[in-house]
Each structure stands twice: as structure tokens, then as C-alpha cells.
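In UniProt numbering, the protein residues as written are 1 to 183.
#1: Which residues bound the beta strand (DSSP E) around residue 56?
#2: Beta-carbon separation of residue 72 and residue 13 under 9 Å?
#3: Do you know offhand how far residue 59's Cα is from residue 136's?
#4: Please classify residue 31: does DSSP put it in a helix, a strand, or coil?
#5: Across which residues does DSSP place residue 18 in a beta bridge pair?
#6: Smallest Cα separation from residue 139: which of 114, 29 and 173?
#7: In angstroms, rounded to a whole number, what distance separates the CA positions of residue 116 and residue 108?
#8: Comparing C-alpha positions only, which one of 150, 35 and 56 sits nearest to residue 25?
#9: Report the residue ranges of all alpha helix (DSSP H) runs contained in full by the region 82-124; include only those spanning at least 4 residues, in chain order.
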């Protein structure tokens, strides 16, 4: 029976040190610095392939493992099929017994709820900002007058590469401004 740890932080600037310390008694540790919402988590995939019947997968918190109840349940099912118990240290969960499995599923559902509430608040904030006239996204590189000037220069035969240099824009942006759909 091996104790296999999985540690994850959401961004490159964050440190895995606290999780490493809590998982120090693991026989093998998989680590990654990636958002939990992305599907591309190669170390988690490798970890789930690595664990065998009788092993324990140990994480510090449920949200280090999965960000949605669906993903959490998929991982739990994979572990169950392989005969691997899940231990969540900070929430004192051990899926080797019925109480641990119940608590595991309840906390996963609560985590999903929190994520959805946070997303709803964010969308409300964005809507309110848009209602106040706040513009999101990158600002246009050229003013309307500059666009007219750019088009005139192109009609006069100026080369795209010269326009790129003059306006400090990429070829794609120049062509976008030259297209008929631009205002």
C-alpha cells in the first residue's frame, strides 16, 4: 500500500510549500501549478494512472483535486474502481468508510455551490458595469481618423509592411482595419 500525494496551486506565483509539508509522509508526490478549472492537468492524470489497488491518494483539500462536483465524482469513481481510498487532510475525510464518503460528497457539492455563486456575482458585476457604460476588452489601436488615414494611404499604394511600421500594428490588425466591415 502506497501513500500517493497530489498538490496543486492555481498559478505559477503561488507556492506548493505548505501542501508539500502536509504531504511529506507520502511515498510519491505529484505536483502542478495550474488552475483547477482547466482540463489540462497532466500531473493529476499521471497520478490517477499511477495509483493501484490498496493505495491511498492524499490531498490537503478537496478543491486542490477538483473544482466541480461532476469532476470530483468522476475522480472518486475512478479511485473506487481502482480500489484506492481518498484522504483529504484539512477536511478530515477518509473515503474508506461510509461516513467519509458522505462527507466527501457533501463538501464537493458545497464547493460547487460556492463556485457557482461566485460566478453569478461576477456576472452581475459585469452587467452592472456595462449598464454604467464601462467598456471591456482591449481599446482600439487607432482612432476613427487614423483608420480613414490608414485606408487612404493603402489606396495610394503604401505597402502593408510600411503601414505596419508606421502604426506599430501587426499585419492581421492592419488587414482588419482595411476590411470593408470596419466603421
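Just so you know, even glycine gets a beta-carbon here, dropped at the ideal spot from N, CA and C. Note that this is a predicted model, so its numbers are computed, not measured.
According to the structure data:
#1: The sequence position of residue 56 within the chain shown is 56, counting from 1. Segment 56-59, the beta strand (DSSP E) holding residue 56.
#2: Your numbering for residue 72 matches position 72 in the chain shown. Your numbering for residue 13 matches position 13 in the chain shown. Pairing residue 72 with residue 13 gives a Cβ-Cβ distance that is not under 9 Å.
#3: In the chain shown, the residue the question calls residue 59 occupies position 59. In the chain shown, the residue the question calls residue 136 occupies position 136. In a straight line, the C-alpha of residue 59 is about 38 Å away from that of residue 136.
#4: Position 31 of the chain shown, counted from the first residue, corresponds to residue 31. Reduced to three states, the DSSP call for residue 31 is strand.
#5: For this step, residue 18 is matched to residue 18 along the chain shown. DSSP lists no partner for residue 18.
#6: Working through the chain shown from its first residue, we reach residue 139 at position 139. Nearest to residue 139 by alpha-carbon distance, out of 114, 29 and 173, is 173.
#7: For this step, residue 116 is matched to residue 116 along the chain shown. For this step, residue 108 is matched to residue 108 along the chain shown. Our two residues, residue 116 and residue 108, have alpha carbons roughly 12 Å apart in a direct line.
#8: Counting from one through the chain shown, the residue named residue 25 turns up at place 25. The candidate whose alpha carbon is nearest that of residue 25 is 56.
#9: Under the rule that a run must span 4 or more residues, no alpha helix (DSSP H) segment is found entirely inside the region 82-124.
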